[in-house]
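Residues 54 to 583 (our numbering) make up the sequence shown, in order.
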Amino acid sequence: MSFFDFLFHQQAQQPQQQPQQQQQQTTSNKRPSNSAPPPTQLNKIKYSGGPQIVKKERRHSSSRFNLSKNRELQKLPALKDAPPHEREELFIQKLRQCCVLFDFISDPLSDLKFKEVKRAGLNEMVEYITHNRDVVTEAIYPEAVIMFSVNLFRTLPPSSNPTGAEFDPEEDEPTLEAAWPHLQLVYEFFLRFLESPDFQPNIAKKYIDQKFVLSLLDLFDSEDPRERDFLKTILHRIYGKFLGLRAYVRRQINNIFYRFIYETEHHNGIAELLEILGSIINGFALPLKEEHKMFLIRVLLPLHKVKSLSVYHPQLAYCVVQFLEKDSSLTEPVIVGLLKFWPKTHSPKEVMFLNELEEILDVIEPSEFVKVMEPLFRQLAKCVSSPHFQVAERALYYWNNEYIMSLISDNAAKILPIMFPALYKNSKSHWNKTIHGLIYNALKLFMEMNQKLFDDCTQQYKAEKQKANGGDKILAQQVSVPSCSKEKTLCSFCCLVFRVIGESNQFIKIERNFFFPKSDFCWLCFVKEQ
């Protein structure tokens with residue numbers, strides 16, 4: 054039996070307890086900075102005023118804890134009062150005492166006295182390991198890992214919230230862990246244990262191994278954002294201190310992402326895992342290894358197509374930009390990948406893509422920009438023409454970015470002919486007045502860049518439009534019908550259909566094997582022209 058298998062024999066066998074509901078804390082998003090991975094959401098903004106809203110009860114999860122049979126704890130002496138030569142043994146006794154698990158679900162008022170003994174013991178050990186040196190001795194390592202594992206490694210309950218695009222992080226309440234009064238202190242203790250100046254990875258690696266890391270990663274699917282925040286910090290510390298586990302951690306995170314993208318499309322900890330990866334990517338040595346480039350192309354880019362992108366997009370965009378800052382040659386496959394996964398019918402998601410694309414353009418090299426500018430600005434032209442004003446508005450904000458404008462100015466001969474038809478048409482036809490002003494600003498900047506090119510594009514656009522309108526008039530007048538010697542009447546609708554399917558400047562020949570009599574009715578649909 055391995056050390057890790059031995060951990061779970063510390064728990065007594067008791068049946069699973071059922072969940073109970075209580076009031077939930079709210080969460081909110083935080084805007085990421087350029088120097089660190091964007092933090093994941095923890096607290097929701099509270100609004101005052103307006104009609105009073107009936108608060109829902111906070112849900113508590115039913116994690117499958119194996120409750121201890123003997124839950125009567127005796128209060129042990131304080132560590133600070135014990136003689137120095139007895140403190141190690143007393144520390145171990147307190148760690149073992151904290152392996153006792155209590156019921157916080159079906160009977161939260163049970164064993165209150167003993168729950169308080171455990172809480173006080175955990176709190177004391179956190180203070181002890183934080184403010185004292187030479188207290189993490191070799192005998193403490195296995196006991197600390199056992200205590201952490203017994204308290205935290207458990208089967209998580211099924212998600213109580215909707216998945217995919219239906220999930221709204223601002224509205225759907227996370228299920229909080231009922232045993233958090235103890236779990237919080239266990240996490241706090243283990244984090245201080247890892248960060249202690251006395252901590253020696255060479256000793257700890259016998260107990261913090263691959264199986265431990267795998268169990269830790271399983272907990273990232275917890276619905277409680279407070280737990281995921283602790284897990285994020287602890288896993289990052291383990292990654293930094295245990296060099297032999299780094300490749301394994303990256304590989305297992307990849308596996309979580311693959312299952313999320315191609316199988317489940319649901320996982321509560323994607324944002325936290327991406328936040329960890331943002332720091333890891335930032336520390337990659339140059340030149341980048343091939344496995345790291347494959348991770349970008351095969352994992353990070355496909356993450357853009359998942360329905361719940363809004364939950365983790367700031368962290369994902371940060372990771373992508375970190376890669377491009379490391380290796381600019383990856384810019385072309387990244388932008389081509391984004392255009393491949395570009396949303397077709399989801400406007401809020403399209404705004405997210407535009408946000409990320411601007412972050413990429415902020416770090417793009419001019420030589421790489423030339424390779425992608427044509428497909429990129431064809432997509433931007435579509436965005437400018439979008440009837441969803443937020444999409445059009447976000448695309449037009451690119452013309453307020455000085456670096457992007459310098460790239461456009463250097464390549465105006467290619468970009469202006471692509472953008473001009475969309476800008477000119479929507480300057481009058483878009484329903485939103487704000488868009489008119491932004492388009493006017495973009496056209497003005499183009500005109501200032503190259504007056505002659507702007508005039509050429511204007512004349513070309515008007516000529517093409519006049520040519521198209523002239524073709525419509527010809528079609529509206531007559532249609533040749535081989536089976537009849539006389540010209541037949543068409544209604545406006547049929548003229549429009551023929552304009553779409555035929556040549557705009559020629560008569561359309563319709564072959565019919567039956568004869569339509571001469572009348573003022575449309576010979577194709579038999580509707581009288583108004």
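The beta carbon of each residue, even a glycine, is placed where N, CA and C say it ideally should be.
Asked                                                                                                            : Found
Exposed unless 16 or more other CB atoms sit within 10 angstroms - verdict on R281                               : buried
Residue interval of the alpha helix (DSSP H) (run including S420)                                                : 419-437
Rounded C-alpha distance that separates K166 from L126                                                           : 9 Å
Sub-8 Å separation of A324 and V364 beta-carbons                                                                 : yes
Reduced DSSP secondary structure (H/G/I, E/B, other) of L354                                                     : coil
Straight-line gap, L229 to G336 (C-alpha atoms, nearest Å)                                                       : 34 Å
Within 8 Å, strictly: CB atoms of F273 and L330                                                                  : no
Where T228 falls: helix, strand or coil (DSSP)                                                                   : coil
Expected contact under 8 Å - CB spacing of E248 and R290 to nearest Å                                            : 7 Å
Euclidean distance between Cα positions of E226 and H489                                                         : 40 Å
Reference L209, options Q263, K481, Y315, D271, closest by Cα                                                    : D271
CB contact flag (V437, L449, <8 Å)                                                                               : yes
With 16 other Cβ atoms within 10 Å as the buried cut-off, status of S361                                         : buried
G322 burial status per 10 Å Cβ neighbour count (16 or more: buried)                                              : buried
Reference L284; option with closest CA among L236, Y477, N308                                                    : L236
Residues near P474 in its chain [Cβ-Cβ closer than 7 Å; skip 5 each side]                                        : Y514
Length of the line joining the Cα atoms of D380 and F157                                                         : 51 Å
For T208, the three-state DSSP class (helix, strand or coil)                                                     : strand
Close-in-space but distant-in-sequence residues of the same chain around I492 (CB under 8 Å, 5 per side omitted) : V437, L449, L476, N479, S480, H483
Distance between G390 and V302 (C-alpha atoms, nearest Å)                                                        : 26 Å
Between the CA atoms of R245 and K133 - distance to the nearest angstrom                                         : 18 Å
E584 versus E421 - alpha carbon distance                                                                         : Because the chain here runs from 54 to 583, residue 584 falls outside it and cannot be looked at.
Three-way DSSP call (helix, strand, coil) for V302 in this model                                                 : helix
Spatial neighbours of Q105 in its chain, beta-carbon cut-off 8 Å, leaving aside the 5 residues before and after  : Because the pLDDT of Q105 is 43, which lies under 50, any placement of that residue in the model is unreliable, and the number read from its coordinates should be weighed accordingly. Closer than 8 Å at the Cβ level, and outside the excluded window around Q105, lies no residue.
Which listed residue (A257, E427, Y371) has its alpha carbon closest to that of D415                             : Y371
Whole-angstrom distance between K402 and I468, CA atom to CA atom                                                : 25 Å
Rounded straight-line distance, which links the Cα of K264 to that of A465                                       : 57 Å
C-beta contact flag for A434 and I471 at 8 Å                                                                     : yes
Residue burial classification, R207 (beta-carbon count within 10 angstroms, cutoff 16)                           : buried
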